[in-house]
Amino acid sequence: IKRIGVLTSGGDAPGMNAALRAVVLAAEHYGIETVAFRHGYQGLLDNDHVVLQAKDVLHILQYSGTIIKSARCKRFKDAAAAQEAAANLDALAIDALVIIGGDGSFRGADHLANHWQGKIVGVPGTIDNDLYGTDATIGYATAVNIAMDALDKIRDTADAMDRVFIVEVMGREAGFIGLGSAMAAGAERMILPELQKDKPLTVAALVKHIKRVQEIRGEGSYVMVLSEHQWPGGAVALAEQLEAEHHLPCRPCLLGHIQRGGAPAPADRILASELGVHAIELLLNGEHRVMAGKKANQCVAVPLPDTWQKKNPLDQNLLRIQHEIFNPVKKDRRT
Ligand code: F6P
Numbered sequence: 007i008k009r010i011g012v013l014t015s016g017g018d019a020p021g022m023n024a025a026l027r028a029v030v031l032a033a034e035h036y037g038i039e040t041v042a043f044r045h046g047y048q049g050l051l052d053n054d055h056v057v058l059q060a061k062d063v064l065h066i067l068q069y070s071g072t073i074i075k076s077a078r079c080k081r082f083k084d085a086a087a088a089q090e091a092a093a094n095l096d097a098l099a100i101d102a103l104v105i106i107g108g109d110g111s112f113r114g115a116d117h118l119a120n121h122w123q124g125k126i127v128g129v130p131g132t133i134d135n136d137l138y139g140t141d142a143t144i145g146y147a148t149a150v151n152i153a154m155d156a157l158d159k160i161r162d163t164a165d166a167m168d169r170v171f172i173v174e175v176m177g178r179e180a181g182f183i184g185l186g187s188a189m190a191a192g193a194e195r196m197i198l199p200e201l202q203k204d205k206p207l208t209v210a211a212l213v214k215h216i217k218r219v220q221e222i223r224g225e226g227s228y229v230m231v232l233s234e235h236q237w238p239g240g241a242v243a244l245a246e247q248l249e250a251e252h253h254l255p256c257r258p259c260l261l262g263h264i265q266r267g268g269a270p271a272p273a274d275r276i277l278a279s280e281l282g283v284h285a286i287e288l289l290l291n292g293e294h295r296v297m298a299g300k301k302a303n304q305c306v307a308v309p310l311p312d313t314w315q316k317k318n319p320l321d322q323n324l325l326r327i328q329h330e331i332f333n334p335v336k337k338d339r340r341t
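In full-length UniProt numbering, the protein residues as written are 7 to 341.
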């Protein structure tokens, strides 16, 4: 391998820059040139590329976002687009490609592999932590940290005003950010996709729980974490419903894209640095169509389709602790 391509794709994640830096440094270490494509797969189609050397990426790991930009590229799903990308890669004499992104980006990588002869390795970059085969994805630790910080702040005002709060977090179809931040900040309730699938929460059950907790504790502060897409109309609609129909003073708070910014947490910088290097070493070992992951303290290679076809479950022990040990209402197993 003499020349590799690299791109960041899909929703940006804190630590993507650290992963890019590691890819470029490792490539240079092994005598490989790195060509970065800007704006994800769109850059492959537009041939929007730039050669990156170590000196270009040395001091980027402390920033979220991605210096080579990211994008969601719908057109890349077409066979014609993948063929175009393959032709552009061949014209630049690129032997292998590193894709830093989440499940959509990995589907794109696998699709490209059907039309291109070069080797492809993925690096898991998404705040959602929803990729099978790695204990954590790059960006997840930072997102949980940001959500925890917001929940701590909300708690101050919830305590002061004896109010119910609903904090809506990201995560797409997975409850990792919800569970992690609820646990880290001691939230009274979590509404997570995995729990909703099993047994959707009714407003009546929620109101009953809120009132019971307030009664047991003798105060009104009650903070709930709601994963996005898990309530029609989201946190705002649920708060309005609680206040209008049940006379419960309640305020919504949507964290949104704040969860993707700021300084990446140490865990994300370190994971990104390790997996960026691992990606290059996997390529040098002849691996293809795999994700560079970390499982039980070992660097692993996971077949790309497994990363989205198989699912990492939520930590069952954390769920048990939240539901049973930390729940003041002993008969309600759903908090
Ligand atoms: O996949 C990362 C993520 O932040 C999800 O948590 C969220 O649902 C989505 O991206 C938001 O996408 P966009 O930035 O395109 O609005």
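Just so it is clear, CB atoms sit at the ideal spot from N, CA and C, and this is done for glycine as well.
Exercise. Does DSSP put R113 in a helix, in a strand, or in coil?
Worked result: Position 107 of the sequence shown holds residue 113. In this structure, R113 counts as helix in the three-state DSSP scheme.
For this session: Going by CA-CA distance only, name the one from A307, G262, D141 that's closest to N291.
Result: Counting from 1 along the sequence shown, the entry for residue 291 is found at position 285. With distances taken between Cα atoms, N291 lies closest to A307.
For this session: For my contact list, K300 and L277 are in at a C-beta cut-off of 8 Å; report their separation, rounded to the angstrom.
Result: Reading the sequence shown from its first residue, position 294 is the one you call residue 300. Reading the sequence shown from its first residue, position 271 is the one you call residue 277. About 6 Å; that satisfies the 8 Å criterion.
Exercise. Which residue's Cα is closest to the Cα of P130: F332, M196, S279?
Worked result: Position 124 of the sequence shown, counted from the first residue, corresponds to residue 130. If we check each option's Cα against that of P130, S279 comes out closest.
Exercise. Going straight from the alpha carbon of P238 to that of G268, what length do you get?
Worked result: Indexing the sequence shown from 1 puts residue 238 at position 232. Indexing the sequence shown from 1 puts residue 268 at position 262. Rounded to whole angstroms, P238 to G268 spans 30 Å at the Cα level.
Exercise. Taking C-beta to C-beta, are I7 and D101 nearer than 8 Å?
Worked result: One-based indexing of the sequence shown puts residue 7 at position 1. One-based indexing of the sequence shown puts residue 101 at position 95. Taking 8 Å as the Cβ cut-off, I7 and D101 qualify as a contacting pair.
Exercise. Just reading off the alpha helix (DSSP H) that S70 is part of, what are its end residues?
Worked result: In the sequence shown, counting from the first residue as 1, residue 70 sits at position 64. It is not in any alpha helix (DSSP H) - S70 carries neither H nor E in the DSSP assignment.
Exercise. For the 8 Å Cβ check, are there 3 or more pairs between the region 198-215 and the region 156-164?
Worked result: no
For this session: Tell me where the beta strand (DSSP E) around M167 begins and ends.
Result: Position 161 of the sequence shown holds residue 167. Premise fails: M167 lies in the alpha helix (DSSP H), 146-167, not in any beta strand (DSSP E).
Problem set entry | Pair within 8 Å by beta-carbon distance, Y146 and K317 | Your numbering for residue 146 matches position 140 in the sequence shown. Your numbering for residue 317 matches position 311 in the sequence shown. Not closer than 8 Å, so no.
Exercise. Could you give the C-beta distance for A191 and Q265, rounded to a whole number, given that I count them as a contact under 8 Å?
Worked result: As a working mapping, residue 191 is identified with position 185 in the sequence shown. As a working mapping, residue 265 is identified with position 259 in the sequence shown. Contact doesn't hold; Cβ gap of about 14 Å is too wide.
For this session: Write down every uninterrupted run of the beta strand (DSSP E) in the region 32-56 whose length is 3 residues or greater and which is fully enclosed by it, in chain order.
Result: 39-43
Exercise. How about D134: is its C-beta nearer than 8 Å to some C-beta of chain B?
Worked result: Of the chains in the structure shown, none is chain B; there is only one protein chain.
Exercise. Hey, out of L67, V57, G16, V56, whose CA is closest to A271's CA?
Worked result: Working through the sequence shown from its first residue, we reach residue 271 at position 265. Looking at the Cα atoms, L67 is the closest of the given residues.
Exercise. In whole angstroms, what separates the C-alpha of D52 from that of Q123?
Worked result: Counted from its first residue, the sequence shown places residue 52 at position 46. Counted from its first residue, the sequence shown places residue 123 at position 117. Roughly 20 Å separates the two Cα atoms.
Exercise. R257 bridges to which residues according to DSSP?
Worked result: As a first step, residue 257 must be located in the sequence shown, where it is residue number 251. R257 pairs with F171.
Problem set entry | DSSP three-state assignment for L13, whether helix, strand or coil | If you number the sequence shown from 1, residue 13 lands on position 7. Strand.
Exercise. Apart from the five residues on each side of it in sequence, which residues of its chain come closer than 8 Å, Cβ to Cβ, to N94?
Worked result: In the sequence shown, residue 94 corresponds to position 88, counting from 1. Answer for N94: L50, L51, N53, listed in chain order.
For this session: Spatial neighbours of H284 within its chain, please: CB distance less than 6 Å, with the 5 preceding and 5 following residues excluded, ordered by chain position.
Result: Position 278 of the sequence shown, counted from the start, is the residue given in the question as residue 284. Excluding positions up to five away in sequence, the list reads A298, C305.
Exercise. Looking at the structure shown, is R27 part of a helix, part of a strand, or coil, going by DSSP?
Worked result: In the sequence shown, the residue the question calls residue 27 occupies position 21. It is helical.
For this session: For G224, count neighbouring Cβ atoms within 10 angstroms of its own Cβ and tell me buried if that reaches 16, exposed if not.
Result: Taking the first residue of the sequence shown as 1, we reach residue 224 at position 218. Under this definition G224 is an exposed residue.
Problem set entry | For R223, the first and last residue of its enclosing alpha helix (DSSP H) | Taking the sequence shown and counting its residues from 1, the one referred to as residue 223 is at position 217. 209-223 is the extent of the alpha helix (DSSP H) around R223.
Exercise. Should N303 be labelled buried (16 or more other beta-carbon atoms within 10 Å of its own) or exposed?
Worked result: For this step, residue 303 is matched to residue 297 along the sequence shown. Exposed is the call here.
Problem set entry | Outcome for V63 when other beta-carbon atoms lying within 10 angstroms are tallied against a minimum of 16 | As a first step, residue 63 must be located in the sequence shown, where it is residue number 57. The residue in question, V63, is buried, as its Cβ has 16 or more Cβ neighbours within 10 Å.
Problem set entry | Alpha-carbon to alpha-carbon, N135 and residue 342 | Residue 342 lies beyond the range of the chain shown here (7 to 341); nothing can be said about it.
Exercise. What is the rounded straight-line gap between the Cα of L9 and the Cα of F43?
Worked result: Residue mapping note: residue 9 aligns to position 3 of the sequence shown, counting from 1. Residue mapping note: residue 43 aligns to position 37 of the sequence shown, counting from 1. Looking at the sequence itself, residue 9 is Arg, so the reference to Leu does not match. Taking the straight line joining both Cα atoms gives about 13 Å.
Exercise. Does the region 204-211 come within contact of the region 254-261, defined as at least 3 CB pairs closer than 8 Å?
Worked result: no
Problem set entry | Chain-order list of residues whose beta-carbon lies under 8 Å from that of I73 (same chain, five-residue window excluded) | Indexing the sequence shown from 1 puts residue 73 at position 67. Result list for I73: N23, L26, V63, I66, in chain order.
For this session: Could you check which residue in A142, F112, V219 has the C-alpha nearest to that of D168?
Result: Position 162 of the sequence shown, counted from the first residue, corresponds to residue 168. Here the closest residue by C-alpha is V219.
Exercise. Under the rule that 16 or more other beta-carbon atoms within 10 Å means buried, what is A87, buried or exposed?
Worked result: Counting from one through the sequence shown, the residue named residue 87 turns up at place 81. Classification of A87: buried, given that the 10 Å Cβ count is 16 or more.
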